[in-house]
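Heads up: the sequence shown runs through residues 1 to 1123, numbered per the UniProt record's numbering.
The structure appears right after this line, and notes come after that.
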Amino acid sequence: MHSAGPSSSLSPVVVKAGWLDKNPPQGSYIYQKRWVKLDSEYLRYFDSEKDVYSKRFILVASISQVSSIGDQKFEVITHNRTFAFRAESDAERNEWIRAVQKMVDEKKSRCLQRTSRLPPAAGSLDSVDKSGALELRGFKSKLYVAVAGEKVFLYKNAEEFRLGIGITYIEMNVGNVKDVDRRCFDLTTPYRMFSFVAESDQEKELWVEAMQQSVAEALSSFEVAEKIWSSEDNCFCADCGGAKPDWGSINLCVVICKRCAGEHRGLGPSVSKVRSLKMDKKVWTEELIELFLQIGNVVANHFWAANVPPSETIGPESRSQERRHFLIAKYREGKYRRYHPHFGNQEELNKALCTAVTTSDLAETLSLLFCGAEVNCYSGDPDFPTPLALAEQAGQRLQMEFLLQNKSSETPQLEAGTNSDKCYSVILLSVAHNGFLYKAPSMAKLALERKSREEFSRRWCQLQEGVFNYYETNTHTVPNGEIRVQEIVCLATHPPDTHGYANTFELYTETERLYLFGLDNPKAIREWVKCLAKAFLPPAAEGLLAGEFERLGRLRYKGGLSLEGAKEGWFALGGSTLYAFLDGSPKEEAIQLRKLQELSLENDVLVLVERRRTLYIQSERRLAFLGWVGAIQRAAGSSGDTLSEQQLTDMDVPIIVDRCIDYITQCGLTSEGIYRKSGQNSKTTSLLETLRRDARKVRLKEEDHQVDDVANTLKRFFRDLQEGLFTKDSAHAWLKVPALEDLAERISRYRRLLNSLPLVNKATLKALINHLYRIQCFSDENQMTTHNLAIVFGPTLFQTDGKDFKAGQVVEDLIRCYMEIFSVDEEEMRKQQEEIQAILKMRIAGTSSGTQHAGDFICTVYLEEKKLEAEQHVKIPATMTAEELAFSILDRRKIPTKEKDFWSCFEVNEREEAERPLHYSEKVLPIVHSLGKDSYLVVKKQLSMENMLLYLASKVGDSKHGLMKFREEKNVLGVGLSTGFHDRYFILNNHSLRLYKEVRSHKPEKEWLVKNLKIYLGIKKKARPPTCWGFTVFFENEKMEKQQWYLCCDTQMEMRTWFATFLSMQHGGNIWPSESSRVRLPQAAPDSRLGNVSLIPLRGSENEMRNSVAAFVADPLTLLRDV
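Given below as structure tokens:
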């Protein structure tokens, strides 16, 4: 017998059917003849035995009693209604009573562990994919419709939905959903067409989407499910006990329901790998199916659920948060598991595992693995070194399958202070509030477009006892819907007039729905927001409500020194500050978003880099997370034309100013007429707009930006400031100071005015004057004396027309008396002067060959291998190519080159254990800027180049295709990405690299533009590549989105051909220069003015280079060689 509620597409077996007379609800003595069917789930009656859709159905679980009421009659009693039937004889009546009572008793026995009197099919809004009121042609009143699993249920109203008494249900395996017009859509079956009318076009789209998904589920195959359900214990969810679970965790070998499967996914593939019994047919090999029959729910729960307290069990009706906490405790932490006798003794666990895999005892293997035995431990036998090899040798194919499914599984680890113990799991249920709100239809995506007033409906809303209900009117007793505060993951408010109503707020729930409410009364909205926030925020995090916020909710995070496991924290966003109440913190912390060193989104993880730590943020609910990402990115950007509204450095200087000053310090100190010459207006405008959008992401490079354009950008930024650098209120007072004849008095007045400026203005003024002080130190070369700089910057900073000479006098005083006005001590000044001297020496070094390129940097390059005696410190002009760098190194060491010597420059990444040969025409300076602390450049022979050239010369066609093993790098939280190598089919052409799941696939799973790929030879050992021939691939597009993955080939020749094709596609078929085009540069004579001092080895960011220069000036002897 098949049990089927709204979660199964298999029709239950009819237990009894026949004609009965039914007494109408009004209780008249006129009985109506009805065809009645009884199965394990429903008691239904029809007009005739040929009808497919019932007139009414009663959920068996809602029946409380069946009793005889006289001759041939009996009653079916539910919680609030009684149905009277009459049979043709007393004997037939008794058969019906026995049959119905038997179904009721069986249903009750299966629901003993449930805490609710009704199963999820009847009474829980959470058990359905979508529910609500719809008009149905042929009915006078609106019906209550519920889409649940593979069925659509029709009820007279929401009250009957909760009681389990409906009109009929439609099995969607024969259904077809069609969008008709405006708010209408049809559900067509071979037996009848149901024409529905929704409340709005948006609501219609949601209904159509939900019903189409139901059709897809209903049409999926039941072959695998039937086999796995043949074991009785697999017919109920291993975690909540729900009937007919159609999902499975293929590494844990448990069968689970749809709702538990969603929470299993949140645990990550290293804990639970979830697959559908019906839709993922290719995954289910005969070995895996047999494994589920041998282990399955009974054996797995004997281990995983050996010590579950009754108070912590969950049932089919349990809420999402309850499920999540239970499953984290059960599988990620192993809180309830049965510990193996060898637990804690790694050596004994490994020995026992090696013994167990040679037997058929799968329960022992499961216990050992999840108590800490290493799946790839050394067996001691060189011929069969791993448990997998031992199992194969012993012919234990099920043991092999279990080991393969768990080769990357994590060992459960109970953390101190688990979720059940945390203070933020406590919800305040005492908050109450009610009133009218205007509600828009719920959404499954962000409300990016403005909602008009017509799209909102007036609803009576009530918040009490931890539930937020909304009703048609204040006189209705049955709500249109409910949101439990425990399910709210985020509360967001909007600026006025974002939508049709002046004030609006959003609620995001665990079911991936967004609810939008509004009013024209700002005070009433603030009261609602305050009450909702208090209701779902834990008491310990109430400090987040101290100020105004635009977004409040819970997120998962990693931070500090511990990146082992993501934890749950509470966050509030107010202005440009993100307040965080993190696990173990006594109070909330403030993160100044405009002062972040980096803000990026990588693999659905938001990365916030502060000066002393990095915080990784992710949400288990994608809809809420997208809202957080957008809000944080906006808050972290520049929001206006005042200094305080800009992105800032740690020193409270706008990043726009800091970037421009740093670039000009490195590249333009000696540029003649700096700040006096005007750059190109179009380039200045474009650069300023780019910096205003997100200065944090901008990297000024000499090959892309001219010094005069950057200087002009800085001047225009100050001229366009809304309040000016000196502020409108204080500017007049600053301009009065030059009239004072006594210098000491002028300095004193300047200092008082400086201290009265806002913090950001004061820091910015100091940074700018310090920069101008440096500029005038090079006045012999750049012709910009203190007076000349004052003439340029006076009108700019005071935003005057240039006729007021006092503005120039103020700037001139500030530069001349920089030390006194800004309280710069002698030590600080000495360091600045030494840095200027070092920069000057570098400028002199840059002119030794008769050229003068601003911004020539020095980099350490190695010859053949990284060791001290192979170091070479090379000046890298902006125009130097990889070929020129290689010849430069060879010339220094006087190494002759032969015809087949393919000398190349390689970028080596020690952390990834990979290297990349630079293309001969590739500019070296950008590579130098991007080198991390674990990377370096080395010049050596490219041994495979000759073979690659021969392959390309004989190759037919431009594209390449074939199988490679593919693995994607885990993201920071270890969520959602593969953890092993899998065979995938690739097609590479001039434009893109496409990945297909298999050769026969028609649609690629992934596609990358070739120009955005960086291909490195080699794969780190930690990734456990199946062969030693592979690539590490980095992808970065124009939106700064980054990915990393690995490709593995079966042979070295195959790796060479793929790599040759990659290079050929990226460089138009030209991977090595022809002999006629190869020109060795003349060897530059050493600069006698530098003596025997090695050039300063610099790499990394501009700031790191400046620090290196300062270190050199402080102690030049550390860099002497051969002395």
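C-beta: ideal position from N, C-alpha, C; glycine also.
From the listed residues Phe370, Val298, Lys258 and Ser220, the smallest Cα separation to Lys282 is found for Ser220. In this structure, Thr365 and Phe326 do not form a Cβ contact; the two beta carbons are roughly 25 angstroms apart against a cut-off of 8 angstroms.
Secondary structure note for Phe986: its beta strand (DSSP E) is the uninterrupted segment His982 to Leu988. Here Glu49 has Trp35 as same chain residues with Cβ atoms under 7 angstroms from its own Cβ, once five neighbours each way along the sequence are excluded.
When the five nearest sequence neighbours on each side are left out, the beta carbons in the same chain lying within less than 7 angstroms of the beta carbon of Gln942 are those of Phe902, Ser904 and Pro917, in order along the chain.
Residue state for Pro190 is assigned as coil, using DSSP reduced to three classes. Comparing C-alpha distances from His499 to each of Gly149, Ile1071, Glu317 and Phe456 shows the shortest one belongs to Phe456. Taking all protein chains in view, the Cβ of Phe718 is crowded by 16 or more other Cβ atoms within 10 Å, so the residue is classified as buried. For the UniProt domain "PH" (548–637), the continuous beta strand (DSSP E) assignments of 3+ residues that do not extend past its boundaries occur at 551–559, 562–574, 577–581, 589–592, 598–602, 605–609 and 614–618, in sequence order.
Around the C-beta of Ile30, fewer than 16 other C-beta atoms lie within 10 Å, and the residue is accordingly described as exposed. Distances from the alpha-carbon of Ile228 to those of Met211, Asp239, Leu514 and Asp246 put Asp246 closest.
DSSP, read as helix, strand or coil, puts Cys184 in strand. With contact defined as three or more Cβ pairs closer than 8 angstroms, the stretch 723–734 and the stretch 672–688 are not in contact.
Rounded to whole angstroms, Asp181 and Ala243 show a C-alpha spacing of 38 angstroms. Put simply, the backbone Cα of Ile821 is about 16 angstroms away from that of Lys736. Unbroken alpha helix (DSSP H) runs of no fewer than 4 residues, entirely contained in the stretch 230–293, are found at 258–267, following chain order. A residue is called buried once 16 or more other Cβ atoms fall within 10 Å of its Cβ, and Val861 is buried on that count. Annotation for Tyr1046: no alpha helix (DSSP H) segment contains it, though the beta strand (DSSP E) segment containing it runs Lys1042 to Cys1049.
By the C-beta density criterion, Pro412 is buried, having at least 16 other C-beta atoms within 10 angstroms. Less than 8 angstroms separates the beta-carbon of Gln486 from that of Arg319. In the structure shown, Val357 adopts coil according to DSSP, grouped into three states. With fewer than 16 other Cβ atoms from the protein chains shown falling within 10 Å of its own Cβ, Tyr378 counts as exposed. The beta carbon of Gly435 sits closer than 6 angstroms to no other beta carbon from its chain once the five residues preceding and following it are set aside. If you draw a straight line from the Cα of Trp528 to the Cα of His340, it is about 53 angstroms long. In this model, Leu291 and Ser360 are separated by some 11 angstroms (Cα to Cα).
Secondary-structure assignment with DSSP links Tyr144 through a beta bridge to Ala133 and Tyr155. Within the stretch 751–808, the runs of alpha helix (DSSP H) at least 4 residues long that lie entirely inside it are, in chain order, 759–777, 779–782 and 786–798.
Setting aside the 5 residues that flank it on each side, Trp207 is surrounded in the same chain by Ala198, each with a C-beta closer than 6 angstroms to its C-beta; the list follows chain order.
The C-beta distance from Glu171 to Lys151 rounds to 6 angstroms, short enough to fall under 8 angstroms. Taking 8 angstroms as the cut-off, the Cβ atoms of Leu757 and Leu768 do not count as close. Beta-bridge partners assigned by DSSP to Met964: Arg984. Distance from the Cα of Leu353 is smallest, within the candidate group Gly380, Ile655, Cys253 and Leu743, for Gly380. Cβ neighbours of Ala306 within its own chain (closer than 7 angstroms, five residues either side excluded): Tyr336, Arg337 and Arg338. With a contact defined as Cβ atoms closer than 8 angstroms, Val707 and Ile664 qualify at about 6 angstroms.
With respect to the C-alpha of Trp284, the residue from Val271, Thr313 and Cys253 having the closest C-alpha is Cys253.
For Thr168, the pairing in a beta bridge is given by DSSP as Leu154.
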